[in-house]
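Read in order, the letters of the sequence shown correspond to residues 82 to 413 in this note's numbering. From the three backbone atoms N, C-alpha and C, an ideal C-beta is built for every residue, glycine too. Since the structure comes first, as structure tokens, the remarks are kept for the end.
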Amino acid sequence: MAAIRGLFYGAAIATRHLNDPAFVAALLQECGMIVSEWEAQWAALEPVRGKPDYTALDRLVEFAASNGLLFRGHSGIWYKRVPDWFGAINDRAEAERLMLEHVQAKFSRYRGRVQSWDVLNEAVDLRSGRPDGLRREVLLDKFGPGYIDLLFHAARAADPQALLCYNDYGVEYDTPWHAGRREAILALLRGCRSRGVPVDVFGIQAHLRIGARFNADIWARWLDEVAGLGIKLMITEIDVTDAAAPGDIAERDRQVAAEYERFLAPTLKNPALIGMLAWGLSDRYSWIVRGTEPYHKRPDGLPPRPLPLDADLKRKPAWQAMADAVIAVPKR
Ligand code: XIL
82 MAAIRGLFYG AAIATRHLND PAFVAALLQE CGMIVSEWEA QWAALEPVRG KPDYTALDRL
142 VEFAASNGLL FRGHSGIWYK RVPDWFGAIN DRAEAERLML EHVQAKFSRY RGRVQSWDVL
202 NEAVDLRSGR PDGLRREVLL DKFGPGYIDL LFHAARAADP QALLCYNDYG VEYDTPWHAG
262 RREAILALLR GCRSRGVPVD VFGIQAHLRI GARFNADIWA RWLDEVAGLG IKLMITEIDV
322 TDAAAPGDIA ERDRQVAAEY ERFLAPTLKN PALIGMLAWG LSDRYSWIVR GTEPYHKRPD
382 GLPPRPLPLD ADLKRKPAWQ AMADAVIAVP KR
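In structure tokens, the structure reads:
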């Protein structure tokens, strides 16, 4: 569907979902691309130092290749998913060598078969109180902000064809918290461009929720600023938390669809936007339905309905909202 507008569309999956034939059939019908939900994270690949195991990720990449799907890697480095043993290394030079070796090994292994990589995930958190807004996390602690440049350069060298993304959340809504994050992320991206650091794409996670304030003009202006740096845009993890919507399914699905719609209309309109991926295809497999974060849970305890297909793999109003939003944009 998205392909007719020159966009790609896909979803996050895990290797074990490939054992579900009905799900795979729906995936092949709906998607032109997949992204690894967790199996490309460093902690998943190398829980024990020196014993990396790429079996599960190989299977995902093979599945994509043999079914004509694009593959997107998530992620190069994410502070939440670096192995525990890495955190325990005190020698800075050794830690830097191991981090860069990991990125080099992971990115070169799939060279030529990856459409894009999230090189770095979620490096901004203004609670740090730092002027640059960078999050206080294991990598910043060990290396200072210079690690960002090292990562992107290592990624480019290891896979010159993949689009290299900086991926983050909490940018779309109209609150002071989101505004602060927009400013810090824009500054991060601008800094990268001015230093010649190869960031090709800003990945908008787009974990949306019912009940938040949204201002399409403010959002569209910010996207223009990012695009003005020569950076492409991709929606990388879209879904909608429905905890604030009523239990009634028809009404809830309508509200979820409306949330997709109001976000997608101004976002897809930006000519720098190249595609979108949902964080799961069906409510059968979703981190929101699993209740990974406390705010995912509905007060009435009903299962959330965040994704375009329901748990029976049937298209919901959210699917229609996505399709309508895609149809409404001019062909790229
Ligand atoms: C979530 C996954 O869906 C979970 O399975 C995992 O255990 C935790 O992370 N931003 C990201 C994703 O970049 O990696 C997160 O995915 C969702 C938030």
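Handout entry: Burial state of Trp300 (16 or more Cβ within 10 Å)
Key = Per the 10 Å Cβ criterion, buried.
Practice task
Can you give me the start and stop residues for the alpha helix (DSSP H) that Ala145 sits inside?
Solution key: From DSSP, the alpha helix (DSSP H) with Ala145 extends over Thr136 to Ser147.
Handout entry: Check whether Phe152 and Val195 have beta carbons under 8 Å apart
Key = Taking 8 Å as the Cβ cut-off, Phe152 and Val195 qualify as a contacting pair.
Handout entry: 8 Å Cβ shell around Tyr228 - same chain, five flanking residues per side excluded
Key = Around Tyr228, the same chain offers Glu177, Met180, Leu220 and Leu221 as residues with beta carbons nearer than 8 Å, after the five sequence neighbours per side are excluded.
Handout entry: Neighbourhood of Glu306 by C-beta, 8 Å cutoff - its chain only, sequence neighbours within 5 removed
Key = These residues qualify, in order along the chain: Leu267.
Exercise for the section: Confirm the yes/no value for this check: CB of His288, any heavy atom of ligand 1, distance under 7 Å. Expected result: At a threshold of 7 Å, His288 counts as near ligand 1, since its beta carbon sits closer than that to one of the ligand's heavy atoms.
Problem - Neighbourhood of Arg413 by C-beta, 8 Å cutoff - its chain only, sequence neighbours within 5 removed - result: Answer for Arg413: Arg86, Gly87, Leu88, Pro352 and Ile355, listed in chain order.
Exercise for the section: Would you kindly check if the distance between the Cβ of Tyr160 and the Cβ of Glu120 is under 8 Å? Expected result: Against a cut-off of 8 Å, the Cβ pair of Tyr160 and Glu120 comes out as no contact.
Problem - Whole-angstrom distance between Ala92 and Lys397, CA atom to CA atom - result: Distance between the alpha carbons of Lys397 and Ala92: 16 Å.
Exercise for the section: Have a look at Gly113 and Asn171 and give me their C-alpha separation to the nearest angstrom. Expected result: Each residue's CA atom was taken as its position, placing Gly113 and Asn171 some 43 Å apart.
Practice task
Find out if the Cβ-Cβ distance for the pair Asp334, Ser363 is shorter than 8 Å.
Solution key: Cβ atoms of Asp334 and Ser363: not closer than 8 Å.
Problem - Straight-line gap, Leu126 to Ile312 (C-alpha atoms, nearest Å) - result: The straight-line gap separating the alpha-carbon atoms of Leu126 and Ile312 is approximately 29 Å.
Exercise for the section: Can you tell me the Cβ-Cβ gap for Leu109 and Ile94, rounded? I've got them flagged as a contact below 8 Å. Expected result: Not really, about 11 Å apart at Cβ, beyond 8 Å.
Problem - Given Ala238 as reference, the closest of Leu270, Leu310 and Val278 once Cα atoms are compared - result: Comparing Cα positions, the closest option is Val278.
Exercise for the section: Whole angstroms is fine: what's the gap from Ala339's alpha carbon to Asp199's? Expected result: When rounded, the distance between both Cα atoms is 28 Å.
Exercise for the section: Please go through the same chain and pick out, in chain order, the residues whose beta-carbon is closer than 8 Å to the beta-carbon of Asp240, but skip the five residues on each side of it. Expected result: For Asp240, same chain residues with a beta-carbon under 8 Å away, outside a window of 5 residues either side, are Phe188, Ser189, Tyr191, Arg192, Gly193, Val195 and Trp198 in chain order.
Practice task
Helix, strand or coil for Val116, going by three-state DSSP, please let me know.
Solution key: In the three-state reduction of the DSSP assignment, Val116 falls in the strand class, which pools E and B.
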